[in-house]
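Visitor:
Residue numbers (the numbering used here): 1340 to 1413.
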């Protein structure tokens, strides 16, 4: 989550609650997680979420390059 927030406009202001859940293997054998993030900060202000889908895909690819897909199975 730090990479998401440091890469976007909401850097250092995000302070949003989030959860990651390992979903397990898909029917095609792909292991994956789901991440849910509240768009409302603890102080009740709305987080900047424009372009988050594209940014999350970019960050995910960077992490896979650094750690490899097997890192998520640890």
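No residue lacks a Cβ here, since even glycine has one placed at the ideal position from N, Cα and C. Predicted model, so just to flag it, every value in this text is computed and none were measured.
Just list the residues that DSSP pairs residue 1379 with in beta bridges.
Guide: Indexing the chain shown from 1 puts residue 1379 at position 40. Looking at the DSSP assignment, residue 1379 forms a beta bridge with 1385.
Visitor: Quick one: grab the DSSP three-state call for residue 1453.
Guide: Residue 1453 cannot be examined here, being either before or after the span of the chain that is shown, 1340 to 1413.
Visitor: List the residues that DSSP assigns as beta-bridge partners of residue 1359.
Guide: For the purposes of this step, residue 1359 is identified with residue 20 of the chain shown, where counting begins at 1. BP columns for residue 1359 point to 1374.
Visitor: Can you tell which of 1406, 1402, 1407 has the C-alpha that lies nearest to the C-alpha of residue 1341?
Guide: Stepping through the chain shown from its first residue, residue 1341 is reached at position 2. Selected option, being the one with the closest Cα: 1402.
Visitor: Return the Cβ separation of residue 1374 and residue 1362 in integer angstroms, given the expectation that the two are a contact with Cβ distance under 8 Å.
Guide: Working through the chain shown from its first residue, we reach residue 1374 at position 35. Working through the chain shown from its first residue, we reach residue 1362 at position 23. With 8 Å as the limit, residue 1374 and residue 1362 do not qualify as a contact, their Cβ atoms being about 11 Å apart.
Visitor: For residue 1380 versus residue 1354, is the C-beta distance shorter than 7 Å?
Guide: One-based indexing of the chain shown puts residue 1380 at position 41. One-based indexing of the chain shown puts residue 1354 at position 15. Yes, they are a contact pair.
Visitor: Once you ignore the five residues that flank residue 1385 on each side, which residues in its own chain have a CB closer than 7 Å to its CB?
Guide: On the chain shown, residue 1385 is found 46 positions in, with the first residue counted as 1. Closer than 7 Å at the Cβ level, and outside the excluded window around residue 1385, lie 1378, 1379.
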